[in-house]
Amino acid sequence: MNVEPAALRRARFVVAYDGAPFHGFAENEGVRTVMGDLRAALERIARRPVDLVGAGRTDAGVHAWGQVVSGALPAALDLDDVARRVTKMCGPSLVVRSASWVDDQQFSARFSAVYRHYRYHVLNQPVADPFLATTTWHVDRPLDLASMRLGCDPLIGEHDFSSFCRRPKLREGEEAPSLRRRVLFARWSRVEDPLHGGPVPVPVDADEAFLGLLRFEIRANAFCHQMVRSIVGTLVDVGERRIHAGEVCGILLAGDRGAAGRVAPPHGLTLWDVGYPT
Numbered sequence: 005m006n007v008e009p010a011a012l013r014r015a016r017f018v019v020a021y022d023g024a025p026f027h028g029f030a031e032n033e034g035v036r037t038v039m040g041d042l043r044a045a046l047e048r049i050a051r052r053p054v055d056l057v058g059a060g061r062t063d064a065g066v067h068a069w070g071q072v073v074s075g076a077l078p079a080a081l082d083l084d085d086v087a088r089r090v091t092k093m094c095g096p097s098l099v100v101r102s103a104s105w106v107d108d109q110q111f112s113a114r115f116s117a118v119y120r121h122y123r124y125h126v127l128n129q130p131v132a133d134p135f136l137a138t139t140t141w142h143v144d145r146p147l148d149l150a151s152m153r154l155g156c157d158p159l160i161g162e163h164d165f166s167s168f169c170r171r172p173k174l175r176e177g178e179e180a181p182s183l184r185r186r187v188l189f190a191r192w193s194r195v196e197d198p199l200h201g202g203p204v205p206v207p208v209d210a211d212e213a214f215l216g217l218l219r220f221e222i223r224a225n226a227f228c229h230q231m232v233r234s235i236v237g238t239l240v241d242v243g244e245r246r247i248h249a250g251e252v253c254g255i256l257l258a259g260d261r262g263a264a265g266r267v268a269p270p271h272g273l274t275l276w277d278v279g280y281p282t
């Protein structure tokens with residue numbers, strides 16, 4: 005007797021994860037990845053193969069609070085129950101924050117997104133904090149926050165970000181992809197330390213001030229590989245006065261990765277939010 009195939013419906017998941025246990029987001033044979041764990045859990049629940057698409061590929065060690073994943077699942081499933089079961093199987097390093105059906109069957113977590121929003125945290129104080137070590141970059145030299153903020157200005161708008169991107173490896177005859185991106189905003193701020201109750205006070209002598217916990221936020225239509233970490237590393241070089249804030253525009257225009265500063269470590273970076281048309 006022929007059995008009717010199960011009706012499928014497109015689902016959208018908002019997931020959060022600690023990047024430390026994973027070798028990045030995208031599936032990679034032989035190593036543990038976020039998408040590999042998520043797909044395995046969903047296939048166990050759905051009892052069928054599941055194809056998933058993510059809003060952005062995060063590198064090994066990078067975290068997420070608002071990563072979005074979409075895929076087709078049997079329409080009879082209770083998505084709230086699916087979210088609970090996936091979180092039970094994959095947590096606490098990977099959890100589903102929300103799950104919903106999407107009426108638009110063409111919806112794609114990747115291609116329907118209109119922006120991605122990242123946060124990067126820097127702990128600027130003489131001694132590292134073990135409670136923040138896995139989510140912040142400890143910088144033990146005083147930083148000039150005003151200069152770091154000035155260095156953000158040239159990044160706003162649509163530019164070729166080749167100076168801040170790791171160029172993809174190309175097969176013979178393959179055309180290099182465009183590295184033009186549109187940055188909607190980029191900014192630095194001092195934020196309260198959630199564990200210790202507030203920011204580190206700034207001494208009167210601002211030139212020798214340690215700034216405590218700093219947050220860099222950047223939103224763009226899309227990002228190329230290592231773009232955020234390269235920007236953060238360059239702006240921290242500005243804060244340490246290795247690079248002048250006025251040089252950032254020239255670095256951007258150079259179109260040469262060698263012109264920019266260092267690449268910030270991955271563990272300070274979090275994919276915070278992904279936006280879609282309302």
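To convert, count from 1 in the sequence shown and add 4; that's our numbering. For every residue, glycine included, the Cβ atom is placed at its ideal position computed from N, Cα and C. On a predicted model such as this, the values are computed, not experimentally measured, just so you know.
Cβ neighbours of Arg16 in the same chain (closer than 8 Å, five flanking residues each side left out): Here residue 16 refers to the residue found at position 12 when the sequence shown is read from its first residue. So the list reads Val72, Val73, Ser74, Ala103, Ser104, Trp105, Val106, Phe111, Ala113, once near-sequence residues are dropped.
Of the listed residues Ile255, Ala258, Thr238, nearest to Gly265 (C-alpha basis): Here residue 265 corresponds to residue number 261 of the sequence shown, with the count starting at 1. Of the candidates Ile255, Ala258, Thr238, the residue whose Cα lies closest to the Cα of Gly265 is Thr238.
Neighbourhood of Val19 by C-beta, 8 Å cutoff - its chain only, sequence neighbours within 5 removed: Residue 19 sits at position 15 when you count from the first residue of the sequence shown. If we look at Val19 and ignore the five residues flanking it on each side, its Cβ neighbours are Val38, Leu42, Ala68, Gln71, Val72, Val73, Leu98, Val99, Val100, Arg101.
Neighbour-count burial assignment, Asp82, 16 or more Cβ in a 10 Å radius: Here residue 82 refers to the residue found at position 78 of the sequence shown. Exposed, because fewer than 16 other Cβ atoms sit within 10 Å of the Cβ of Asp82.
Burial state of Phe317, where buried means 16 or more other Cβ atoms lie within 10 Å: Any property of residue 317 remains undetermined from this structure, which presents the chain solely from 5 to 282.
Backbone secondary structure at Ala263 - three-state DSSP: Here residue 263 is taken as the residue at index 259 of the sequence shown, counted from 1. Correct three-state label for Ala263: helix.
Supposed close pair Val236, Tyr124 - CB separation, criterion 8 Å: Mapped onto the sequence shown, residue 236 falls at position 232. Mapped onto the sequence shown, residue 124 falls at position 120. Sure, about 5 Å apart at Cβ, within 8 Å.
For Leu56, the three-state DSSP class (helix, strand or coil): For the purposes of this step, residue 56 is taken as residue 52 along the sequence shown, with counting starting at 1. Strand.
Backbone secondary structure at Glu289 - three-state DSSP: Lying outside 5 to 282, the shown extent of the chain, residue 289 is not represented and no answer is given.
Three-state secondary structure (DSSP) of Thr238: By one-based count along the sequence shown, residue 238 stands at place 234. It is helical.
Close-in-space but distant-in-sequence residues of the same chain around Ile255 (CB under 7 Å, 5 per side omitted): If you number the sequence shown from 1, residue 255 lands on position 251. These residues qualify, in order along the chain: Ser167, Thr238, Ala263, Ala264.
Which listed residue (Leu46, Gly243, Arg186, Ala87) has its alpha carbon closest to that of Ala150: Residue mapping note: residue 150 aligns to position 146 of the sequence shown, counting from 1. For the residues Leu46, Gly243, Arg186, Ala87, the minimum Cα distance to Ala150 belongs to Gly243.
Delimiting residues of the beta strand (DSSP E) encompassing Ile247: The sequence position of residue 247 within the sequence shown is 243, counting from 1. Ile247 -> no beta strand (DSSP E), and no H or E assigned at all.
DSSP state of Thr274 mapped onto helix, strand, coil: For the purposes of this step, residue 274 is taken as residue 270 along the sequence shown, with counting starting at 1. Reduced to three states, the DSSP call for Thr274 is strand.
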